[in-house]
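Last residue of the sequence shown: 432 (numbering that gives the first Met the number 0), numbering continuous.
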Amino acid sequence: MVMKNVVTVLGLFLPYALSCASTSQDTANTALDIPQCGLACILDELPGSPCHTITNTSCLCNDSVLQGAVQQCLQKECTVVDAIGTIGATATMCHRPERSRKHDMFAMLAVEIPALTCALLRFVSRWYTATEFALDDYVMVVITGTFVPFLAIGQMAGMIGFGVDIWTVDAATLTYALKLFFTDESLYLAIIFLTKVAILLFYIRLFPQAVFRRICYLVLCWVSITGIVFLTMQIFQCIPISYSWEGWKGDFVGPHKCLEVNTLVFTAAGFSIAQDLVILALPLPILARLQVGLRSKVQVMVMFSLGIFIVITSCIRLRSIVKFARSSNPTWDYTDAIIWSGLEAAVSVIVVSLPAIRLLVTRIWPKLTASMSKIRGSSASHSGRTAGVMTNSGCQTFDGHRGPRVPSHEVSPVRSLSRGTNGAAFELGFTGR
Numbered sequence: 000m001v002m003k004n005v006v007t008v009l010g011l012f013l014p015y016a017l018s019c020a021s022t023s024q025d026t027a028n029t030a031l032d033i034p035q036c037g038l039a040c041i042l043d044e045l046p047g048s049p050c051h052t053i054t055n056t057s058c059l060c061n062d063s064v065l066q067g068a069v070q071q072c073l074q075k076e077c078t079v080v081d082a083i084g085t086i087g088a089t090a091t092m093c094h095r096p097e098r099s100r101k102h103d104m105f106a107m108l109a110v111e112i113p114a115l116t117c118a119l120l121r122f123v124s125r126w127y128t129a130t131e132f133a134l135d136d137y138v139m140v141v142i143t144g145t146f147v148p149f150l151a152i153g154q155m156a157g158m159i160g161f162g163v164d165i166w167t168v169d170a171a172t173l174t175y176a177l178k179l180f181f182t183d184e185s186l187y188l189a190i191i192f193l194t195k196v197a198i199l200l201f202y203i204r205l206f207p208q209a210v211f212r213r214i215c216y217l218v219l220c221w222v223s224i225t226g227i228v229f230l231t232m233q234i235f236q237c238i239p240i241s242y243s244w245e246g247w248k249g250d251f252v253g254p255h256k257c258l259e260v261n262t263l264v265f266t267a268a269g270f271s272i273a274q275d276l277v278i279l280a281l282p283l284p285i286l287a288r289l290q291v292g293l294r295s296k297v298q299v300m301v302m303f304s305l306g307i308f309i310v311i312t313s314c315i316r317l318r319s320i321v322k323f324a325r326s327s328n329p330t331w332d333y334t335d336a337i338i339w340s341g342l343e344a345a346v347s348v349i350v351v352s353l354p355a356i357r358l359l360v361t362r363i364w365p366k367l368t369a370s371m372s373k374i375r376g377s378s379a380s381h382s383g384r385t386a387g388v389m390t391n392s393g394c395q396t397f398d399g400h401r402g403p404r405v406p407s408h409e410v411s412p413v414r415s416l417s418r419g420t421n422g423a424a425f426e427l428g429f430t431g432r
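Below, the structure written as structure tokens:
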């Protein structure tokens, strides 16, 4: 039997541990910190090892066969906490370096903070250029309100429990970190779902074509149904819900039941990528027919095509979740999933904000350049030419006639839609050049 009498085990191990003192007193102290069950596994498997004696630490630390046998013993005979404690103690004894990817998780802020800034700029743009908020704007309010805690919780989870090996995290901290991870993944699914909804509502508001709108409504139903279903399944993947972060120790009290988490994760990711591709392709035929100059047309096509970055981050994230829910070292193996989930959510927020930001820039930029020209003391003739660009000096409108041009700040999205396809050009802030 693996579990031996504690006194007998320590009596057998103590002479060997003390004999290691000539190499390192810390090694002996660490050996005594090995949980009783783990110590019994090591001593039971040692006779079959070519190392023969526990004093040969160099051999023990490099004997992969012995390590595999001990690991199997730990899985069969020990609790998860004891197994992790054993691995941690032997890692210290063998002087294995402590790995850390904390800096990688902190680096996510380089994309997440600009994403939050883009969301705020979108609200500024809509406040400045629109007569009233539309449905996609209200959805964006919810997205931003969800993205802020998503960002904060993801960083907190990374700081306290992820990006390191599991044996370097104590049990209570690990449980809390897994709870944060569970919460953050739920917020991630909500953000990804809502950004798709916001984009589709934006399409419906922007383009008046009846057939296109019907297609958008169908895709919106598809996205909404799958989004709600997957979010619900994520939250209730285990019953009771607390088992999702407390069940890892194997000593959960009471009945419990869980879904096949890997199947859920891969299915949700697959649907998300397929929906991204459909949403990305939807407006391209209409954008190609915009009655604007080639340069403006290329600009708007490129802007809408930036959604391909969402697809790219989704695919990379899919690769990072191969070990999801099956890892024996989740605090290390889940690091990539956390990073790419954060990046995908951030890129989605940026992409859904870009059209409004583009409109804001095109409305403000002429006024800024005019003000800068005046400050620099431009000549009167130069000032007249600059003013001519910005005022009703007979500029050509999108309908092809000469006449006074409505000041840019007076063109509302609602009125612009009455112009048909070119209403999209006004909404996106493009000129006729």
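Ideal placement from N, C-alpha and C gives every residue a C-beta, glycine not left out.
With fewer than 16 neighbouring CB atoms inside 10 Å of its own CB, Tyr127 falls in the exposed class. In this structure Ser313 is in contact with Ile272, their Cβ atoms being roughly 5 Å apart against a cut-off of 8 Å.
Per DSSP, reduced to three states, the secondary structure at Ile198 is helical. Classified as exposed, Ala287 has fewer than 16 neighbouring CB atoms from the shown chains inside 10 Å of its CB. Within 10 angstroms of the beta-carbon of Trp339 lie 16 or more other beta-carbons, which makes it buried. Rounded to whole angstroms, the gap between the alpha carbons of Arg100 and Ile315 is 18 Å.
Taking a cut-off of 8 Å on C-beta distances, the region 136-148 does not touch the region 327-341, as fewer than three cross pairs fall below it. In the displayed model, Ile307 falls within a helix according to three-state DSSP.
At least 8 Å separates the beta-carbon of Pro113 from that of Ile311. Looking at the DSSP output, Ile238 bridges to Lys256. DSSP, read as helix, strand or coil, puts Tyr137 in helix. When only Cα atoms are considered, Cys237 and Gln70 end up about 27 Å apart.
Runs of the alpha helix (DSSP H) lying entirely within the region 61-103, each at least 4 residues long, are 63-76, 79-92 in chain order. Restricting attention to Glu184, Pro282, Ala129, Leu134, the CA atom closest to the CA of Ala151 is found in Glu184. Proximity of the region 214-230 to the region 48-65 falls short of the contact definition, fewer than three beta-carbon pairs being nearer than 8 Å.
The count of Cβ pairs closer than 8 Å, one atom from the region 266-281 and one from the region 238-255, stays below three, leaving the stretches out of contact. Comparing alpha carbon positions, the residue from Ala355, Asn55, Leu342, Leu120 closest to Gln154 is Leu342. Excluding five sequence positions before and after Trp244, the CB atoms of its chain that fall closer than 7 Å to its own CB belong to Thr174, Leu177, Lys178, Phe181, given in chain order. When the beta-carbon positions are compared, Ile142 and Ala88 stay at least 8 Å from each other. The alpha-carbon separation between Phe201 and Asp135 amounts to approximately 6 Å.
No Cβ-Cβ contact shorter than 8 Å links Cys215 with Ile224. Relative to Gly84, the option among Pro49, Gly47, Glu97, Trp166 whose CA is nearest is Trp166. For the pair Leu73 and Gly37, the CB atoms are nearer than the 8 Å cut-off. Around the beta-carbon of Ile86, 16 or more other beta-carbon atoms lie within 10 Å, marking it buried. Residues of the same chain with a CB within less than 7 Å of the CB of Cys257, apart from the 5 flanking positions on each side, are Gln236, Cys237, Tyr242 in chain order. For Val277, the closest alpha carbon among the candidates Val222, Cys50, Cys93, Ala156 is that of Val222. Per DSSP, reduced to three states, the secondary structure at Asn328 is coil, with no helix or strand assignment. For Asp43, the enclosing alpha helix (DSSP H) begins and ends at 35-44.
Assignment of Cys50 by DSSP, reduced to helix, strand and coil, places it in the coil class.
Tyr127 sits in a helix when the DSSP states are folded into three classes. The beta carbons of Thr56 and Met92 sit closer together than 8 Å. Of His255, Pro254, Gly269, the smallest CA-CA separation from Asn261 is found for Gly269.
Apart from sequence neighbours up to five positions away, the residues of its chain that approach Gln233 with a beta-carbon distance below 8 Å are Glu184, Ser185, Leu188, Leu263, Ala267, ordered along the chain. Of the other Cβ atoms in all chains shown, fewer than 16 fall within 10 Å of the Cβ of Glu259; this residue is therefore exposed. Under the criterion of beta carbons closer than 8 Å, Arg125 and Ala345 do not qualify as touching, at roughly 20 Å. Membership of Ala106 in any alpha helix (DSSP H) is not indicated, and neither H nor E is assigned to it by DSSP.
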